[in-house]
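Have a look at the structure below, then the notes.
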Amino acid sequence: MLSLNHFLLLGAVLFSIGLYGALSRRNAVAILMCIELMFNAVNITLVAFARFLAPAATASQSLAPVSTVGQVFTIFVITVAAAEAAVGLAIVLAIYRTRRTISVEDVDLMKW
Amino acid sequence: MNDPIIAIAFFVLAAVLLISALAVVMLRNIVHSALFLALAFVSVAGFYILLNAEFLAAVQILIYAGAVMILLLFAIMLTQRANTPMSNVSNSQAGLAAIVAAAVFVVLAFVLSKTSWLTGAAAVTQPNTEVLGKALFDYYVLPFEIASVLLLVAMIGAIVIARED
Amino acid sequence: MSPGYLTLITFLPLLGAIVTALMPKDNLRAIRLTAAGFAFVALVLSVIVWVQYDTNAAGLQFVEKVPWIPSLGITYFMGVDGLNLPMVVLTTLLTFLAILASWHITLRTKFYFALLLLLEMGIVGVFTSLDLLLFFLFWEVELIPMYLLIIIWGGPRREYAAIKFVLYTIAGSALMLAGILALYFFADANVSGRTFDLLELAKTNYALKYGPVFSSVVFFLLILGFLIKLPSFPFHTWLPDAHVEAPTAVSVILAGVLLKMGGYAIIRINASILPQALHDWAYVLAIMAVISVIYGACTSMVQNDLKKMVAYSSVSHMGYVLLGIAALTPASMNGAVLQMFTHGTITGMLFLLVGVIYDKTHTRLISEFGGLAARMPLYATLFVMGGLASLGLPGMSGFVAEFTVFVGSYLNPNMQLFTIIAAAGIVITAGYIMWMLQRVFFGPLVQKWQHIEDARGIEVVPLVVLVVIIIAVGVYPALVTNVIGGGVAPVMANFTKAGL
Amino acid sequence: MESFSIEYLGLIPLFPLLAFVIIALVTRPLKRLSAYLSILAVFASLLVSAWALYSLVIAFLSHASGEALVKELTVTWFSVGGVALPAGLILDPLTAMMLIVVTIVSFLVQVYSQGYMHDDPGYSKYFAFISLFTTSMLILVMANNFLQLYIGWELVGLCSYLLIGFWYHKPEAAAAAKKAFLTTRLGDLGLLVGILIIYFTTHSFGFAEIEHEIKVGALSGGLLTVAMVCVFLGAVGKSAQFPLHVWLPDAMEGPTPVSALIHAATMVAAGVYLVARTFEMFAASPDQQALLVVAYVGGFTAIFAASMGLVMNDIKKVMAYSTISQLGYMMMGLGVGAYAAGVFHLFNHAFFKALLFLGSGSVIHAVHDQDMRNMGGLGGKLKITFVTMLFASLALAGIPPFSGFWSKDEILAGAFEKDTLLYIIGAVAAFFTAFYIFRAMFMTFTGKYRGAPAHDSHGSAGGHGHDSVHASASPEDELRAKVKEHASGHGEHGIHESPWVMTVPLILLAIPSLLSGLLGSPFMGMAFQSFIEKGAEVHEELNYTVMMSSIAIAVAGILLSSLVYYFKIIPANLISRPLPWLHAFVLNKYAMDDLYGWIVNSVVLGASRAALWFDQYVVDGIVNGVANLVGAAGGALRKVETGQIPNYGLAIFAGAVVISAVLIISGSTL
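Residue numbers (our numbering), protein chains in the order written: chain A, 5 to 116; chain B, 128 to 292; chain C, 448 to 947; chain D, 822 to 1491.
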């Protein structure tokens, strides 16, 4: 039967795949894509937690329903991811304009 | 979660997701990668539905499969020159990256196998868009506003950075 | 509450620096006069302290003690005794003279004088503070103006020299800080709680309590910084570089008082708090001292740059200080302090002299000169007097100090050989001074200096002041020795108490 | 004795000191006034000294003896760390005698200098220095402790330096001054170490206390010998004894009156005075080893320097070597235990050697040359100079009844009793002495003038104004004059006797040259010796053998000299022709200067250069090396920063994995 661990494991696999891609790609846009994959892995995990975990709701005096925490987090992550994608791609474009390449190996001014 | 249909859906979706994710990182043509990424985003939305997060599923489709994908495709289109089939190759540390990624996976898997989660009845068991909306505009209103400012800043920043002088 | 003379002397220059810094930068005359005025008031105050100092009463006087950071046992603790009072007066005196000698500075004048005053504050603070943390603070504060003075107004290799000076000193300070903390944390805290108070720390017998290894390690942590400052062979190489590059006035202060911080600190901290370790390692110090004396003198001999010669001679002369300390007899310790005072005046004078000739000729190379006495009789006379004082001619203060060191050191049977070798230094010293005088002033006048002007006016004033002091102390040493004696006695009492 | 209080002694150096200060600060531009001030001051000192001596002599004649003839006053100069550094005065026969010698010679030399230094631009300075010297010398001889003696000792060294280098624009003078100072300072180091040893054992600087401590055995045995040899080293430097004698001949670069005062009569005798003052301590060393060292060094110096005197052509150099030789004689006298004889010789020598120097000065003043080969026949022109110098030469050669005979003979007698070898050395040296001084006399005053042929002398052109002659060729211009001499010639006509301010001191000095010896002669019951030995009865058996032989030696020396240089029966190059290398070797001062020059240039400077190299490349090299090492390490490490973002990411995650693994394995629940 499906349990929390199924989803977590799925998230872990997805995260690792994304990580591999982010570390091994040359193309800056591809790296950004892989990072999006990793975001999604995290999001799956967060939503799964929201779905399966049941913290002691009564202990908290908060006004917010405990069950929404995971999903709210996910919304913020998506927001940030969208912002990140916009800025990241803008940077890629800027680099491309000045250096005519988007290979991250060619962009190494920040060394030594 | 005891419905076998759901279980089947889970595995099918998982297969689609992982295969498309692998395709994203493996394929050498960045346009293909981007298309598979869109597929991955859609399948993630499927998982959200499985997890009773239908609002998030909608958001996922709208933002990721829609907006972000468009952004990515525009970026590809603006930056891509010749040799598209070899536009997404590995760098010199791909082997090491594979090892590290595997190691990360092992660590994660190990940790989640060792953790006993506190599962229980209070979990989300039915569609809850309304509850989510209330929480967002009530208790989380300040973070929400900050997030909107963040988006605004990101938008302006992106324009400034990408603008041609 | 006492009038707070020491606080005034210490922080008046700071006020002066601030006032100077706030003045309009084009009014050079006002800037100079303001700086000189503040320095002069500090000098007057320190002379008042000197006069009011009761030579018969033992222990510290003019004490000011206020809790500063009570939770850590840090106090604002100042006081003078025979060890530091001469140094304080020396500092205020030489700073004042250095300001006079800087009258012609036109590059960023305001900043320059402000820094000089700031430097004075740091040095006076080092000498007057009796709380280790306060001491350390001033020790570090003094570095910054010195660094800037060298790197802005220095010679062609000023960056190298300034950075070398700062790094070398800071390396020493880092170890010193470790040593201070070791003293702090391992002191007998039962009675009064944790404290940085020097007098309280001296009550702990570290050697007895933690064994000789511990006390030796702490001893070396502390003394390394001081040996660098002194400077003793082999930690001296920053000195010639710094001196050659520094402007005249800064050299005067550097050699005149900054080096004394090292010797003073060894007596004040190492000898007072860790007598056993000093006793155990006296041999090592004595060997370093003797090497400094002979080696410094030999290297002076073959210098062609007047300033470098004087700089290396400082290494040689400060070797006597170290020897006096290492010999650990009351007379030698007195001699060491006396030597610090006299060396301050003599070397200050020599650097001023070199500065005068450098301003006139823009060279310091001995080989460039010759027969200058014919054109500059007054200057030559003053230089000869300075040289004679440096080589320890009786009737001048150098002799009194060196003789006291020799007699005192020889009284320690273990130090007799070292004393004799060090005494041989006076011959070498005479050698390089006389040789230099011969080459610079005597013989036929070199053609290109035919129209050189003799020293006069404000160039002469500081020199004459120093000559008067040198001769006064040389003829009537009790002027200084009476004060010093009261400061050395408690330190030596420590040794007798510890059965050394 | 009652009439003279010991405190008055302090006045004696005070007068010249005041003169020095006033001249230096006030009257420098007023030449005449400065000179008068200086002379007046030393005359005042002379009077007080005479008074002191008179009081002692009165006491002596009333048969006071021993401690009754000694007065002391000690105060603490300053005290530091339990060591009291004393200042003190002593008045005893030795000091009284020295005071008189110093003040008389100083007075006469200053009077003489008025003529000799006439028109020198540094006239005031000269008198200031002489005053300072007189002060220092007086401080030295009236010290009752080592410390004060050492102070005076160094100060006279300084004055010697200043006066040798008085004409500082001459490179030779500047070099000679430096050499004198450094050579004596080397000896001073020995004295200093000696003082340290003595203080360490006896805890005293005072002579009387130290003698007492030695008697009770606080300092004895080998250490005492070492200490006294160290002290003697100081005397070796100051009195120009072998091997530190090299500075004295060079010191002749100074003005001649200075040579007379400092380098003949007073300062160089300070070494002898020191040994005499501490004679008891020397004598207390086991088997009198310390005295033996003194005797042999002195004896060797006596003959060694005399042999060089034989060949020198510069009249002042002859005098210089003669001085060294005579000082060696005094040392030898002290060394063989003839204490009073040594001091007596010092006393006599001070007058006749000062006279010889002043006379030479007069000659040089007249002919503007120092080379005796360019002189000759001057006896007729410079009558006073000639006669007075003849007195002094006879005294030096040791012809009775001139003063030198009595003391020299007594030293030889002492040596004869003590050590035959020393006696032989002394006798040979005496022969040399007689020979070389008369060689100098004959070459200078007899025969024909060998200077450049007569010319229309520029000197007489200026009329009879001696002053103007002297002005143009005042000793300040010796060097230039010498050059001019060879070019234009000076001529016999320009030679005149010196003015009265110069001749009067010569005459005044000729009197003691003739008579001072009689004070210690058997005719006066060896009064001098008895006085110096504080009233002890001196019964010396007259050793007629020694006396006769020494007269014979002196006469023989003079005779031989006359045969060679007056009658010219024996060619002067009798020895130098077959043995040119020997002559050259001696003329080259036994190559000692070369040796020392080599030591200084090669060894000392070489070692110094090595030290500097070591400093720059090893010590500083290590410092810079450490700095470079840190820099290099940084340089190597910064290569890690590739600028490749994937590298950084890889490292971040690898690090995260490692940290996680560690935490997991260690079982932490972080």
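In this text, a Cβ means the ideal position worked out from N, Cα and C, and glycines have one as well.
Item to complete: Return the CA-CA distance between Gln935 (chain D) and Ile1246 (chain D), expressed in angstroms with no decimal places.
Response: 41 Å
Fill in: Supposed contact pair Ala848 (chain C) and Ile741 (chain C) - C-beta distance, whole angstroms, cut 8 Å
The Cβ separation is near 18 Å, so there is no contact.
Worksheet item: Pick from D:Leu1010, D:Ser859, D:Leu910: whose alpha carbon is nearest that of Met1049 (chain D)?
Response: D:Leu1010
Worksheet item: For Phe643 (chain C), does the three-state DSSP call read helix, strand or coil?
Response: coil
Worksheet entry | Own chain, CB closer than 6 Å to Phe1349 (chain D), minus 5 neighbours either side, in chain order | Phe1165, Leu1340, Gly1341
Worksheet item: Between the C-alpha atoms of Pro678 (chain C) and Val977 (chain D), what's the straight-line distance to the nearest angstrom?
Response: 34 Å
Discussion item. Less than 8 Å between the C-beta atoms of Leu920 (chain D) and Ala873 (chain D), yes or no?
Written reply: yes
Practice prompt. Could you tell me if Gly932 (chain C) is buried or exposed, where buried requires 16 or more neighbouring beta carbons within 10 angstroms of its beta carbon?
Written response: buried
Worksheet item: Cα-Cα, which of D:Leu1003, D:Gly1119, D:Val1451 is closest to Met1151 (chain D)?
Response: D:Gly1119
Worksheet item: In whole angstroms, what separates the C-alpha of Phe682 (chain C) from that of Ala736 (chain C)?
Response: 12 Å
Item to complete: Say whether the stretch 698-707 of chain C touches the stretch 531-543 of chain C, bearing in mind that this needs 3 or more beta-carbon pairs closer than 8 Å, one atom from each stretch.
Response: yes
Discussion item. Beta carbons nearer than 7 Å to chain D: which residues of the stretch 266-282 of chain B have them?
Written reply: none
Discussion item. In this structure, how does DSSP classify Asn9 (chain A) when only helix, strand and coil are distinguished?
Written reply: helix
Worksheet item: Which residues, in chain order, does the stretch 160-185 of chain B contribute to contact with chain A at a C-beta distance below 9 Å?
Response: Ser160, Ala161, Leu164, Ala167, Phe168, Val171, Phe174, Tyr175, Leu177, Leu178, Asn179, Ala180, Phe182, Leu183
Discussion item. So that I know if they touch, is there some Cβ in chain C lying closer than 8 Å to that of Glu1030 (chain D)?
Written reply: no
Discussion item. Please classify Phe138 (chain B) as buried or exposed, where buried requires at least 16 neighbouring CB atoms within 10 angstroms.
Written reply: exposed
Item to complete: Determine which residues of the stretch 1455-1487 of chain D have a Cβ less than 8 Å from any Cβ of chain A, and write them out in chain order.
Response: Arg1459, Lys1460, Glu1462, Thr1463, Gly1464, Gln1465, Ile1466, Pro1467, Gly1470, Leu1471, Phe1474
Discussion item. My assumption, with CB atoms under 8 Å, is that Met748 (chain C) sits in contact with Gly921 (chain C). Please give the rounded CB distance.
Written reply: About 25 Å separates the two Cβ atoms, so there is no contact after all.
Worksheet entry | DSSP-derived helix/strand/coil call for Ile1486 (chain D) | helix
Item to complete: Please classify Gly934 (chain C): does DSSP put it in a helix, a strand, or coil?
Response: helix
Practice prompt. Locate the beta strand (DSSP E) running through Trp515 (chain C), then write down its first and last residues.
Written response: 508-516
Discussion item. So if I threshold CB-CB distances at 8 Å, which residues from the stretch 100-114 of chain A count as touching chain D?
Written reply: Val108, Glu109, Val111, Asp112, Leu113, Met114
Worksheet item: By Cβ distance, which residues of its chain are closer than 6 Å to Leu984 (chain D), with the 5 residues on each side in sequence left out?
Response: Phe950, Gly1075, Val1079
Worksheet item: How many angstroms separate the CA atom of Leu785 (chain C) from the CA atom of Ile713 (chain C)?
Response: 15 Å
Worksheet item: Taking Arg476 (chain C) as the reference, which of C:Leu490, C:Ile738, C:Thr651, C:Ile546 has the closest Cα?
Response: C:Ile546
Discussion item. Cutting at 6 Å between CB atoms, please list the residues of its own chain near Gly1378 (chain D), excluding the five before and the five after it.
Written reply: Phe1252, Ala1255, Phe1256
Worksheet item: Nearest chain D C-beta to Arg290 (chain B) closer than 8 Å, yes or no?
Response: no
Discussion item. Which residues does DSSP list as the beta-bridge partners of Met525 (chain C)?
Written reply: C:Glu511, C:Ser576
Fill in: Nonlocal neighbours in the same chain, by C-beta distance under 7 Å from Leu622 (chain C), ignoring five residues either side
Leu668, Leu671, Gly672
Worksheet item: Looking at Phe1226 (chain D) and Gly1338 (chain D), is the spacing between their C-beta atoms short of 8 Å?
Response: yes
Worksheet item: Nearest to Lys991 (chain D) by CA position, among C:Gly842, C:Tyr653, C:Leu819, is which residue?
Response: C:Leu819
Worksheet item: By Cβ distance, which residues of its chain are closer than 6 Å to Trp586 (chain C), with the 5 residues on each side in sequence left out?
Response: Val573
Worksheet item: If you check the beta carbons only, do Ser856 (chain C) and Gly934 (chain C) fall under 8 Å apart?
Response: no
Item to complete: Go ahead and pull the three-state DSSP assignment for Thr62 (chain A).
Response: Residue confidence is low: Thr62 (chain A) scores 44 on pLDDT, short of 50, so the model does not pin down where it sits. Its coordinate-derived value is still stated next. Note: Thr62 (chain A) maps to helix in three-state DSSP.
Item to complete: In angstroms with no decimal places, state the Cα-to-Cα distance between Val1089 (chain D) and Tyr1411 (chain D).
Response: 22 Å
Worksheet item: Should the stretch 949-964 of chain D be called in touch with the stretch 862-882 of chain D, which here means at least 3 C-beta pairs below 8 Å?
Response: yes
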